[in-house]
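Novice: Take this structure first; my questions come after.
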Amino acid sequence: MKKNLLILFISLIGMNSYTQKLEKVKGSKIVITTERAFDTIKGVELHKNLKVDVVKGQENKLVIFADDNLHDIVLTDITDGILDIDISNRIAGKKKFELTLYLTNLSKVTLNDNSKLVNTEYFLENKVQLFLNDKSEGDLMFD
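In terms of our numbering, the sequence shown opens at residue 411 and continues consecutively.
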């Protein structure tokens, strides 16, 4: 009985680690730029070791400057005004992978999984909620 439980436990651990690994994708070395426009965004949430530069802009959009086959792995979704940015695969090699987010305002930032959000211009906001999880970093300037 103990042997069966041990085998079950070990196989469950193995299945768990297998399901958490992302499939690798290697960049094509052909760099292009695409834009994704959004209506209303009041916050942003990042996942999976992403680094995103955020810039105060006249419209809400995400600019992806990367190898052409890496554009499809960038996942974006808006829920209750929060833009969720994630990737579906792990990037094994690339020539370029830069994400720049242009926002009209920013009131909530959530960073997960060692992600990083950086801005070089001041955002004029009265109140900003900042959540840093799992060794994430935020290099943000607010006035």
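Positions of the beta carbon are idealized from the N, C-alpha and C atoms, including for glycine.
Excluding five sequence neighbours on each side, which residues of the same chain lie with their C-beta closer than 8 Å to the C-beta of residue 495?
Specialist: If we look at residue 495 and ignore the five residues flanking it on each side, its Cβ neighbours are 454, 455, 456, 457, 460, 462, 472, 484, 485, 486, 509 and 511.
Novice: What are the start and end residues of the beta strand (DSSP E) that includes residue 477?
Specialist: Per DSSP, residue 477 belongs to the beta strand (DSSP E) from 470–477.
Novice: Could you tell me the alpha carbon to alpha carbon distance between residue 439 and residue 482, rounded to whole angstroms?
Specialist: Rounded to whole angstroms, residue 439 to residue 482 spans 15 Å at the Cα level.
Novice: Residue 528 and residue 476 - do their beta-carbons sit closer together than 8 Å?
Specialist: For residue 476 and residue 528, no; Cβs fall outside 8 Å.
Novice: If you compare alpha carbons, which of 445, 522, 450 and 514 is closest to residue 491?
Specialist: Answer by Cα proximity: 450.
Novice: Rounded to whole angstroms, what's the CA-CA distance from residue 518 to residue 531? Just pull it up for me.
Specialist: Their backbone Cα atoms lie some 17 Å apart in a straight line.
Novice: Under the DSSP definition of a beta bridge, which residues are partnered with residue 453?
Specialist: DSSP lists 492 and 518 as partners of residue 453.
Novice: Below 6 Å CB to CB, which residues in the same chain sit around residue 429 once its five sequence neighbours on both sides are set aside?
Specialist: Note that residue 429 scores a pLDDT of 45, beneath 50, so its modelled location is shaky; the value from the coordinates is reported in the next line. The answer is none, since no qualifying residue turns up.
Novice: Counting only the same chain and skipping the five closest in sequence on each side, list residues whose C-beta sits under 8 Å from that of residue 452.
Specialist: These residues qualify, in order along the chain: 491, 492, 515, 516, 517 and 518.
Novice: Just the C-alpha distance for residue 497 and residue 540, rounded to the nearest angstrom, thanks.
Specialist: Using only the alpha carbons, I get a separation of about 21 Å.
Novice: Shortest alpha-carbon distance to residue 431 belongs to which of 546, 465, 501 and 522?
Specialist: For the residues 546, 465, 501 and 522, the minimum Cα distance to residue 431 belongs to 501.
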